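A quick write-up on the structure given underneath.
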Amino acid sequence: MNDPYKCGPVEILLVEDNPGDVRLTMEALKEGKIYHNLRVAGDGEEALAQLRREGAHAERPLPDLILLDLNLPKKNGNEVLQSIKQDEALKRIPVVILTTSAAEQDVVMAYDLHANCYITKPVDLDQFIIIVKSIESFWLTVVKLPAGIQQ
Amino acid sequence: MPEELQKRTISQQLSRRLLPVSASVGLLIALLFPATYYWLEHRTLRHTANIYAQILAEKVERLVFKEPELWRYQTYKYIEILQDFKTVNEVTEIALQDETGKEIAEFSKSTANAGKWWNWNAPAESWPIIYNNRQAGTVVLKVSERVAYLKTAAVLSVSLTIGLSLALLIYRYPLRVVRKIEGELDETIDKLYRSNTDLEQFAYIASHDLQEPLRMVNSYVKLLARRYQGKLDSDADEFIAFAVDGAVRMQGLINDLLTYSRVNTRGNELARIDSGKILTDVIQNLKLAIEEHKATITYDTLPTVSADGSQLGQLFQNLIGNAIKFHGDAPPRVHIAAENQGDKWLFSVRDNGIGIPSEAYQRVFNIFQRLHTRAEYPGTGIGLAVCKKIVERHGGMIWLTSTEGSGTTFYFTLTA
Numbered sequence: 004m005n006d007p008y009k010c011g012p013v014e015i016l017l018v019e020d021n022p023g024d025v026r027l028t029m030e031a032l033k034e035g036k037i038y039h040n041l042r043v044a045g046d047g048e049e050a051l052a053q054l055r056r057e058g059a060h061a062e063r064p065l066p067d068l069i070l071l072d073l074n075l076p077k078k079n080g081n082e083v084l085q086s087i088k089q090d091e092a093l094k095r096i097p098v099v100i101l102t103t104s105a106a107e108q109d110v111v112m113a114y115d116l117h118a119n120c121y122i123t124k125p126v127d128l129d130q131f132i133i134i135v136k137s138i139e140s141f142w143l144t145v146v147k148l149p150a151g152i153q154q
Numbered sequence: 236m237p238e239e240l241q242k243r244t245i246s247q248q249l250s251r252r253l254l255p256v257s258a259s260v261g262l263l264i265a266l267l268f269p270a271t272y273y274w275l276e277h278r279t280l281r282h283t284a285n286i287y288a289q290i291l292a293e294k295v296e297r298l299v300f301k302e303p304e305l306w307r308y309q310t311y312k313y314i315e316i317l318q319d320f321k322t323v324n325e326v327t328e329i330a331l332q333d334e335t336g337k338e339i340a341e342f343s344k345s346t347a348n349a350g351k352w353w354n355w356n357a358p359a360e361s362w363p364i365i366y367n368n369r370q371a372g373t374v375v376l377k378v379s380e381r382v383a384y385l386k387t388a389a390v391l392s393v394s395l396t397i398g399l400s401l402a403l404l405i406y407r408y409p410l411r412v413v414r415k416i417e418g419e420l421d422e423t424i425d426k427l428y429r430s431n432t433d434l435e436q437f438a439y440i441a442s443h444d445l446q447e448p449l450r451m452v453n454s455y456v457k458l459l460a461r462r463y464q465g466k467l468d469s470d471a472d473e474f475i476a477f478a479v480d481g482a483v484r485m486q487g488l489i490n491d492l493l494t495y496s497r498v499n500t501r502g503n504e505l506a507r508i509d510s511g512k513i514l515t516d517v518i519q520n521l522k523l524a525i526e527e528h529k530a531t532i533t534y535d536t537l538p539t540v541s542a543d544g545s546q547l548g549q550l551f552q553n554l555i556g557n558a559i560k561f562h563g564d565a566p567p568r569v570h571i572a573a574e575n576q577g578d579k580w581l582f583s584v585r586d587n588g589i590g591i592p593s594e595a596y597q598r599v600f601n602i603f604q605r606l607h608t609r610a611e612y613p614g615t616g617i618g619l620a621v622c623k624k625i626v627e628r629h630g631g632m633i634w635l636t637s638t639e640g641s642g643t644t645f646y647f648t649l650t651a
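Have a look at this one:
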């Protein structure tokens with residue numbers, strides 16, 4: 004979307020360990036209108052491996068948007084966020100923190116680590132769907148991002 | 236909380252109070268006994284001196300009787316009489332005076348006693364010599380207090396020892412007992428505190444961690460409803476509806492449990508707060524409910540109190556919210572007042588609602604305690620439990636009086 008010459012699906016990386024939440028996010032995205040390709044990483048290390056295109060992920064394009072949970076096995080969300088934002092090749096990719104925690108210290112910590120936005124997962128399904136749709140539309144259509152993230 | 240608990244204060248206070256008591260009792264015993272003893276000795280000595288003087292005077296009287304004119308010149312005769320008393324230990328000086336008080340003769344047992352400090356208060360007793368109903372002379376007899384002082388010193392040393400040990404006993408024994416009790420008390424307080432913290436921690440973690448799976452149940456049941464409502468049979472629709480309802484209610488309970496456990500774990504420091512300002516904010520928050528039920532809220536001038544502002548707000552909101560919610564046939568009228576009680580303020584929230592039966596006065600403050608079915612009045616029954624916890628966290632008390640059918644008044648106290 005950000006690249007006018009690119010016509011493939013929008014790449015979204017969802018870092019989430021709970022399969023229930025993964026499926027819910029998929030369902031919510033399905034209700035959105037944007038043609039996308041969702042990839043899932045079940046833990047922090049796998050997320051970084053995918054982003055750095057290590058091993059089997061070598062041929063994968065970089066995502067246009069990262070949805071990151073905070074409470075993750077192996078490497079937690081904050082560590083993943085920090086690694087992304089310190090990596091020259093990855094730091095421009097918008098990272099949306101999508102978590103159940105509403106704790107003030109989590110919010111502050113995430114923004115300190117340069118998260119692009121912080122969203123507490125609503126408990127209610129309808130709310131959740133609305134929020135996922137609005138994330139999608141805001142970050143993938145409203146916002147103007149620098150071209151060439153994929154390089 | 237444990238660091239706020241002033242441990243060992245009872246023994247400290249006791250020690251402060253015991254010190255003067257034990258010191259005065261010890262001193263009293265150490266000094267009163269010797270003083271009394273000396274006084275008795277002194278009196279006995281005076282009595283002895285008096286009797287000796289009397290006996291002497293009688294003997295001289297007989298002499299005078301024989302030789303009314305010449306007796307005073309018969310030196311050898313009265314010297315003989317006086318000599319007899321030189322053998323009596325206590326007597327140190329004997330003097331014979333004529334009717335004018337002029338000294339005729341004087342005997343001093345030894346010069347060793349003269350002017351010595353132990354004789355400063357030495358009794359000197361005199362007895363008149365009577366002849367023909369006239370005083371012919373006087374016998375003056377002095378006794379030494381040396382022995383009396385020695386004996387008093389002995390008594391003093393014993394009573395000092397007794398007094399001092401008694402003072403120590405009076406001071407230390409109650410302290411030892413109290414310290415032991417305090418030790419047990421501290422242990423109990425620690426245990427209680429730990430179990431209370433554990434419980435709060437448990438409630439918090441349970442409700443926090445229960446959110447996650449519940450969100451799953453809730454979301455997928457709703458997703459089912461969203462996708463398949465009307466596409467399956469009517470039974471399925473009903474089952475789904477019940478599942479959704481259950482999940483939503485459980486969500487409510489868990490949220491309430493979280494709110495309840497957060498009163499102590501997430502509270503702010505107490506500060507000086509204008510409760511009137513808090514109340515007007517709360518009334519603003521309740522605007523919708525107030526308009527919907529045509530409620531009238533009135534209040535007196537409210538004081539500044541020491542409180543956690545957001546919790547005080549929650550307290551007012553729950554009480555006023557209840558007052559509006561449990562209204563009778565008439566539109567709800569709620570009045571908030573505060574009355575000064577020395578270092579405390581007694582707040583009251585009075586309504587004209589349906590009232591609470593007297594057997595439930597205590598019960599209504601229990602967590603998840605409800606007096607009505609959900610169909611009559613919705614809610615989980617957490618409101619008053621939270622109120623109670625908030626008031627208790629502020630070191631106050633909460634209670635109510637009520638007349639069924641005509642209204643309830645909730646009272647709570649806060650520190651000024």
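For the record, the sequence lines run as chains Y and L. Just add 3 to wherever you are in the first sequence, counting from 1, and you've got our numbering. Just add 235 to wherever you are in the second sequence, counting from 1, and you've got our numbering. Note that beta-carbon positions come from the ideal geometry of N, C-alpha and C, so glycine has one too. Because the structure is a prediction, the values reported are computed rather than measured.
query: So within the segment 316–396 of chain L, which uninterrupted beta strand (DSSP E) runs reach at least 3 residues, ignoring any that extend past its ends?; result: 326–333, 338–343, 359–366, 369–378
query: Quick check: the Cα distance between G47 (chain Y) and N74 (chain Y), rounded to an integer number of angstroms?; result: 9 Å
query: In the DSSP assignment, find the alpha helix (DSSP H) that holds E3 (chain Y) and state where it starts and stops.; result: Residue numbering for chain Y in the displayed model covers 4 to 154; residue 3 (chain Y) lies beyond these limits and cannot be assessed.
query: Pick from L:E334, L:V599, L:C622: whose alpha carbon is nearest that of N499 (chain L)?; result: L:C622
query: Provide the residue(s) that pair with K579 (chain L) in DSSP beta bridges, ordered along the chain.; result: L:Q576, L:T650
query: Within the 8 Å Cβ cut-off, does L54 (chain Y) reach chain L?; result: no
query: Answer with buried or exposed for A288 (chain L), where buried requires no fewer than 16 other C-beta atoms within 10 angstroms of its C-beta.; result: buried
query: Around the Cβ of K624 (chain L), are there at least 16 other Cβ atoms within 10 angstroms (buried) or fewer (exposed)?; result: buried
query: In whole angstroms, what is the alpha-carbon distance linking I602 (chain L) and I405 (chain L)?; result: 49 Å
query: Strictly below 7 Å CB to CB, what residues from chain L border L27 (chain Y)?; result: S454
query: Here's the rule I'm using: 16 or more other beta-carbon atoms within 10 Å means buried, otherwise exposed. How should V145 (chain Y) be labelled?; result: exposed
query: I'd like to know whether the C-beta of F131 (chain Y) is nearer than 8 Å to at least one C-beta of chain L.; result: yes
query: Buried or exposed: Y463 (chain L), going by 16 or more other Cβ atoms within 10 Å of its Cβ?; result: exposed
query: Chain Y partners of L445 (chain L), CB-CB under 7 Å?; result: Here the premise fails: no neighbours, minimum Cβ distance about 12 Å.
query: Give me the Cα-Cα distance between S510 (chain L) and L399 (chain L), rounded to the nearest whole angstrom.; result: 57 Å
query: Is there contact here, the segment 355–366 of chain L with the segment 292–306 of chain L, by at least three beta-carbon pairs under 8 Å?; result: yes
query: At the 8 Å Cβ level, is M451 (chain L) part of the contact set with chain Y, yes or no?; result: yes
query: Can you tell me the Cα-Cα spacing of G577 (chain L) and T648 (chain L), whole angstroms?; result: 11 Å
query: Residues of the segment 606–622 of chain L with a CB closer than 8 Å to any CB of chain Y: list them in chain order, please.; result: none
query: Can you find a C-beta in chain Y that's less than 8 Å from the C-beta of Q549 (chain L)?; result: no
query: Which of helix, strand or coil does DSSP assign to I15 (chain Y)?; result: strand
query: Out of L:G616, L:N575, L:D543, state which residue places its alpha-carbon closest to the alpha-carbon of G630 (chain L).; result: L:D543
query: Please tell me whether Q486 (chain L) has its Cβ less than 8 Å away from any Cβ of chain Y.; result: yes
query: Would N367 (chain L) be called buried (16 or more neighbouring beta carbons within 10 Å of its own) or exposed?; result: exposed
query: Tell me, please, whether the segment 531–538 of chain L touches the segment 571–589 of chain L by the rule of three or more beta-carbon pairs shorter than 8 Å.; result: yes
query: Inspect the beta-carbon positions of Q546 (chain L) and V517 (chain L) and report whether they are closer than 8 Å.; result: no
query: Using DSSP's beta-bridge definition, name the partner residues of V540 (chain L).; result: L:I508
query: Can you give the beta carbon distance from P66 (chain Y) to E14 (chain Y), rounded, assuming they're within the 8 Å contact cut?; result: 4 Å
query: Quick one: list the residues of chain L neighbouring T103 (chain Y), beta-carbon separation under 8 Å, in chain order.; result: Q446, E447, R450
query: Report the three-state DSSP secondary structure of F437 (chain L) (helix, strand or coil).; result: helix
query: Quick one: what's D586 (chain L) bridged to in DSSP?; result: L:V569
query: Would you say L458 (chain L) lies against chain Y (beta-carbon separation less than 8 Å)?; result: yes
query: Can you tell which of L:T432, L:R628, L:V382 has the C-alpha that lies nearest to the C-alpha of N503 (chain L)?; result: L:R628
query: Pick helix, strand or coil for R609 (chain L), following the three-state DSSP scheme.; result: coil
query: Could you tell me the alpha carbon to alpha carbon distance between T643 (chain L) and T650 (chain L), rounded to whole angstroms?; result: 23 Å
query: Between E30 (chain Y) and chain L, is any beta-carbon pair separated by less than 8 Å?; result: yes
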